[in-house]
Amino acid sequence: MVSDVHEVLAIIPVRGRDAEADGAPVQLGGKPLISYTIDAALKSTVVTRTLVTTDSPSVRELAVSLGAEAPFLRPAELAAPNVSLDNVLQHCLEWLQQDNGYLANVVLCLE
Numbered sequence: 005m006v007s008d009v010h011e012v013l014a015i016i017p018v019r020g021r022d023a024e025a026d027g028a029p030v031q032l033g034g035k036p037l038i039s040y041t042i043d044a045a046l047k048s049t050v051v052t053r054t055l056v057t058t059d060s061p062s063v064r065e066l067a068v069s070l071g072a073e074a075p076f077l078r079p080a081e082l083a084a085p086n087v088s089l090d091n092v093l094q095h096c097l098e099w100l101q102q103d104n105g106y107l108a109n110v111v112l113c114l115e
């Protein structure tokens, strides 16, 4: 049976050290930089789920306060500068499938 409902997942990858300066979120125009990306995903008429993947507890908390999901912390080995975005996205998708049985029809990576 084919469903007409399409799950469109927006994944926003954020490394803690890239999103924070001196322990505070990087700001642009008086707002945390990450808020612009989260806001765009939440306002989209096609995105059905917005998720932030991060290694930082404070970024995770901020993302949730801005309306995104952040159901897990990314392992430290996936936050290193040399880790590919493919590995980060694969980890996120595998986590969602194993923990929630969730599969998206379309995956968007928003940076």
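Everything in the sequence shown is counted per the numbering used here, starting at 5 for the first residue and increasing by one. Even glycine gets a Cβ: it sits at the ideal position worked out from N, Cα and C.
What is the DSSP secondary structure of residue i, reduced to helix, strand or coil?
{"i": "V6", "result": "Low local confidence applies: a pLDDT of 49 at V6 is under 50, so the model's placement there is unreliable, and no value is given."}
{"i": "P61", "result": "helix"}
{"i": "E115", "result": "coil"}
{"i": "A67", "result": "helix"}
Any idea if residue i is buried or exposed, counting beta-carbon neighbours within 10 angstroms, 16 or more meaning buried?
{"i": "R78", "result": "buried"}
{"i": "L32", "result": "exposed"}
{"i": "S69", "result": "exposed"}
{"i": "A25", "result": "exposed"}
{"i": "A45", "result": "buried"}
{"i": "A84", "result": "exposed"}
Determine whether the beta carbon atoms of residue i and residue j lie at a separation below 8 Å.
{"i": "A72", "j": "L55", "result": "yes"}
{"i": "L66", "j": "P36", "result": "yes"}
{"i": "D59", "j": "A80", "result": "yes"}
{"i": "H95", "j": "L114", "result": "no"}
{"i": "I38", "j": "P29", "result": "yes"}
{"i": "G105", "j": "V63", "result": "no"}
Give me the DSSP bridge partner(s) of residue i.
{"i": "T54", "result": "A14"}
Please indicate yes or no: does the CB of residue i lie closer than 7 Å to some heavy atom of the ligand SAH?
{"i": "S60", "result": "Only the bare structure without any ligand can be found here, which leaves the ligand SAH out of the picture."}
Handout entry: At least three beta-carbon pairs within less than 8 Å, the region 102-112 to the region 8-18
Key = Contact holds: three or more Cβ-Cβ distances are below 8 Å.
Handout entry: the region 41-49 in contact with the region 86-106 per 3-pair CB rule at 8 Å
Key = no
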